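In full-length UniProt numbering, the protein residues as written are 1 to 659. Virtual Cβ for every residue (Gly too), placed ideally from N, Cα, C. Every value quoted in this text rests on a predicted model; they were computed, and no experiment measured them.
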């Protein structure tokens with residue numbers, strides 16, 4: 001028997017304090033009335049021992065530990081592990097009870113998936129169907145069809161039609177699906193059209209190596225289409241080989257050409273433009289296909305600064321623009337100072353785009369540039385009421401106070417207390433205490449899916465109280481509680497941000513804004529690009545700043561991450577003429593890209609930001625600037641837009657810098 005088990009069993013009244021420990025005050029009360037020993041800490045140790053005992057099949061020790069743990073919130077995780085490891089189809093009642101109790105918990109679908117696997121392996125058809133819930137995994141979908149065929153009578157076609165949705169995927173199907181696919185094929189349901197639809201899915205984003213297999217399933221006279229699709233997927237330049245455009249299947253060939261041109265315009269714009277002007281007569285785009293191509297060509301050519309960009313942008317009516325094409329139309333006119341064109345376009349835009357902060361701001365700027373100052377001022381005054389990048393710009397132009405529209409999220413204490421005691425909330429807290437962030441987030445997200453809105457708001461308050469800032473920010477954003485500024489913009493790790501910002505001689509509000517934008521203060525964040533930690537540093541960047549190899553483990557240390565992140569911001573600012581706007585862009589996109597984006601002649605900073613080619617970086621700069629202003633206002637209680645006041649007269653040009 002472990003020392004923790006012995007010690008725990010001496011604690012009296014432990015059942016009365018099982019839910020204590022989430023707040024320091026609650027823990028102190030529990031300890032004062034029951035024991036000086038931290039019961040919850042002991043339970044965590046016992047939980048870990050029970051996990052190890054179960055893994056090692058030490059079932060007697062496991063049973064004793066489970067009894068000692070009582071109603072500890074994470075006991076269901078041990079039961080889930082027991083079912084995964086040891087349960088057999090004979091344990092149906094035990095599994096059924098568990099799934100009924102945890103139907104809305106992530107434990108429910110995790111256990112159900114493993115249990116279905118076990119029932120599949122033993123071919124328990126009716127039992128499988130009683131537990132199966134659509135959609136499940138592809139394996140489970142296939143076995144559900146197989147089980148219905150095995151246990152059903154009469155017409156099988158309605159059951160086999162379920163295979164249609166399984167078939168239509170761009171990925172390979174597991175071998176478990178082979179029996180139902182064979183039955184489906186024998187019933188005559190694998191038509192040439194079904195095969196073609198799957199080829200399209202495989203070519204346009206799926207697994208293109210699947211295409212040769214699917215090609216053999218097509219009628220012989222259609223197989224050249226699959227071969228051509230495959231060649232175009234691997235290299236869109238192959239689209240120019242006219243021998244594949246035979247006109248035998250014009251609709252299918254047009255589909256391939258539409259896809260290929262949409263890729264070729266990014267790789268070789270001149271080749272795509274030449275092909276577009278010299279297509280065979282039987283390639284007849286539908287209205288939808290032609291609109292998609294015009295939108296794609298307009299964006300690709302604009303991003304590449306091609307001399308045909310304006311021509312393709314002009315081909316789009318005001319109602320045909322996407323957000324991307326609209327941006328590039330705006331960027332073209334801002335680069336040229338074409339204020340009249342902006343003024344004429346905005347009134348013709350759809351309502352949602354016309355009324356956006358971005359287009360209202362540039363409409364007012366164009367009016368101002370054309371001398372219609374009183375009208376532009378009215379628009380700026382309305383816009384200055386918004387808590388946004390453009391709202392702050394408008395307030396700065398008018399030299400008037402900012403509007404934060406802040407409203408604390410306040411809920412009745414009894415509601416907070418009730419939600420805090422929910423099993424899912426208790427489990428999330430304990431999982432965080434055991435450094436199991438993924439499971440904790442799964443619990444939290446499950447609660448967000450199923451609780452009513454008022455209780456979701458309580459979750460946001462609780463997460464904020466716990467210092468789980470990224471989850472509080474995410475929850476508030478999901479609920480649309482944008483005015484809960486204090487919880488949405490916490491001063492997390494303020495001491496570290498202040499210390500290292502001072503050492504790097506940069507604005508602490510800037511550092512806070514970058515951390516807020518990069519990770520929402522999640523210290524274990526990791527991106528698809530391989531950036532880690534609070535300020536999302538790439539290991540290569542960390543190595544450069546520190547002049548040694550930095551481990552990923554080190555980057556998950558908040559203090560160390562902030563130290564490196566603030567030093568990197570300061571270095572970028574120094575190298576970019578002490579301009580923190582350029583440094584912000586470089587933090588996201590890299591300093592050499594920023595060098596390339598600088599205009600030869602001085603340009604107003606608000607225009608330059610709109611000309612940043614990468615949408616991610618463009619939005620990143622706007623967000624960081626807005627967040628920096630919010631932090632300055634919250635921390636210093638300064639309602640004057642001093643930060644944005646620096647932006648309004650600022651000019652950007654490459655001539656200002658020394659590389």
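Please return the same chain residues whose Cβ sits closer than 7 angstroms to the Cβ of residue i, not counting the five positions on each side in sequence.
{"i": "residue 176", "result": "139, 142 and 143"}
{"i": "residue 392", "result": "402, 626, 629, 641 and 644"}
{"i": "residue 416", "result": "458, 461 and 462"}
{"i": "residue 155", "result": "none"}
{"i": "residue 22", "result": "Because the pLDDT at residue 22 is just 40, under 50, the model does not fix this residue reliably, and the value given afterwards should be weighed accordingly. Only 420 and 429 meet the Cβ criterion."}
Please go through the same chain and pick out, in chain order, the residues whose beta-carbon is closer than 8 angstroms to the beta-carbon of residue i, but skip the five residues on each side of it.
{"i": "residue 389", "result": "357, 622, 623, 625 and 626"}
{"i": "residue 208", "result": "202, 230, 233 and 234"}
{"i": "residue 267", "result": "236 and 237"}
{"i": "residue 32", "result": "At residue 32 the pLDDT is 42, less than 50, meaning the model places this residue with poor confidence; the figure from the coordinates comes in the next sentence. Contacts found: none."}
Confirm, please, whether the CB-CB distance from residue j to residue i is below 8 angstroms.
{"i": "residue 396", "j": "residue 644", "result": "yes"}
{"i": "residue 299", "j": "residue 324", "result": "yes"}
{"i": "residue 520", "j": "residue 474", "result": "yes"}
{"i": "residue 535", "j": "residue 551", "result": "no"}
{"i": "residue 83", "j": "residue 115", "result": "yes"}
{"i": "residue 129", "j": "residue 112", "result": "no"}
{"i": "residue 293", "j": "residue 337", "result": "no"}
{"i": "residue 76", "j": "residue 107", "result": "yes"}
{"i": "residue 509", "j": "residue 632", "result": "yes"}
{"i": "residue 81", "j": "residue 119", "result": "no"}
{"i": "residue 295", "j": "residue 316", "result": "yes"}
Report the rounded CA-to-CA distance for residue i versus residue j, giving the unit in angstroms.
{"i": "residue 87", "j": "residue 104", "result": "21 angstroms"}
{"i": "residue 608", "j": "residue 546", "result": "32 angstroms"}
{"i": "residue 575", "j": "residue 418", "result": "53 angstroms"}
{"i": "residue 460", "j": "residue 173", "result": "41 angstroms"}
{"i": "residue 376", "j": "residue 359", "result": "13 angstroms"}
{"i": "residue 290", "j": "residue 229", "result": "19 angstroms"}
{"i": "residue 278", "j": "residue 239", "result": "12 angstroms"}
{"i": "residue 352", "j": "residue 346", "result": "11 angstroms"}
{"i": "residue 67", "j": "residue 425", "result": "22 angstroms"}
{"i": "residue 666", "j": "residue 478", "result": "In the structure displayed, the chain extends from 1 to 659; residue 666 sits before or after that span and is not available."}
{"i": "residue 405", "j": "residue 563", "result": "33 angstroms"}
{"i": "residue 30", "j": "residue 42", "result": "With a pLDDT of 39 at residue 30, under the threshold of 50, the modelled position of this residue cannot be trusted, and the question is left open."}
{"i": "residue 649", "j": "residue 602", "result": "11 angstroms"}
{"i": "residue 652", "j": "residue 512", "result": "25 angstroms"}
{"i": "residue 413", "j": "residue 500", "result": "37 angstroms"}
{"i": "residue 382", "j": "residue 408", "result": "24 angstroms"}
{"i": "residue 496", "j": "residue 48", "result": "33 angstroms"}
{"i": "residue 180", "j": "residue 198", "result": "17 angstroms"}
{"i": "residue 196", "j": "residue 213", "result": "12 angstroms"}
{"i": "residue 27", "j": "residue 39", "result": "Per-residue confidence for residue 27 stands at a pLDDT of 35, beneath the threshold of 50, marking its modelled position as unreliable; no derived number is given."}
{"i": "residue 557", "j": "residue 654", "result": "37 angstroms"}
{"i": "residue 588", "j": "residue 72", "result": "44 angstroms"}
{"i": "residue 453", "j": "residue 472", "result": "14 angstroms"}
{"i": "residue 530", "j": "residue 539", "result": "8 angstroms"}
{"i": "residue 287", "j": "residue 350", "result": "20 angstroms"}
{"i": "residue 204", "j": "residue 274", "result": "23 angstroms"}
{"i": "residue 24", "j": "residue 442", "result": "Residue placement at residue 24 is poorly supported in this model, since its pLDDT is 35, which falls under 50; the coordinates still yield a value, given next. Roughly 25 angstroms separates the two Cα atoms."}
Go through its chain and collect everything with a Cβ distance to residue i's Cβ below 6 angstroms, but skip five positions before and after it.
{"i": "residue 339", "result": "366, 369 and 370"}
{"i": "residue 148", "result": "159"}
{"i": "residue 385", "result": "403"}
{"i": "residue 244", "result": "228"}
Drop a sphere of 10 angstroms on the beta-carbon of residue i, count the other beta-carbons inside from all chains shown, and report buried for 16 or more, exposed for fewer.
{"i": "residue 373", "result": "exposed"}
{"i": "residue 469", "result": "buried"}
{"i": "residue 578", "result": "exposed"}
{"i": "residue 85", "result": "exposed"}
{"i": "residue 153", "result": "exposed"}
{"i": "residue 302", "result": "buried"}
{"i": "residue 314", "result": "exposed"}
{"i": "residue 490", "result": "buried"}
{"i": "residue 637", "result": "exposed"}
{"i": "residue 660", "result": "Since the displayed the chain opens at 1 and closes at 659, residue 660 lies outside it and no answer follows."}
{"i": "residue 260", "result": "buried"}
{"i": "residue 566", "result": "buried"}
{"i": "residue 573", "result": "buried"}
{"i": "residue 270", "result": "exposed"}
{"i": "residue 121", "result": "exposed"}
{"i": "residue 186", "result": "exposed"}
Check whether the Cβ of residue i lies closer than 7 angstroms to any heavy atom of the ligand ADP, and answer yes or no.
{"i": "residue 359", "result": "The ligand ADP is absent from the structure shown, which contains no ligand whatsoever."}
Any 3 or more C-beta pairs closer than 8 angstroms across the stretch 425-441 and the stretch 481-493: no
contact_flag[the stretch 309-318, the stretch 571-589] where n(CB pairs < 8 angstroms) is 3 or more: no
Three CB pairs or more closer than 8 angstroms across the stretch 248-262 and the stretch 220-229: yes
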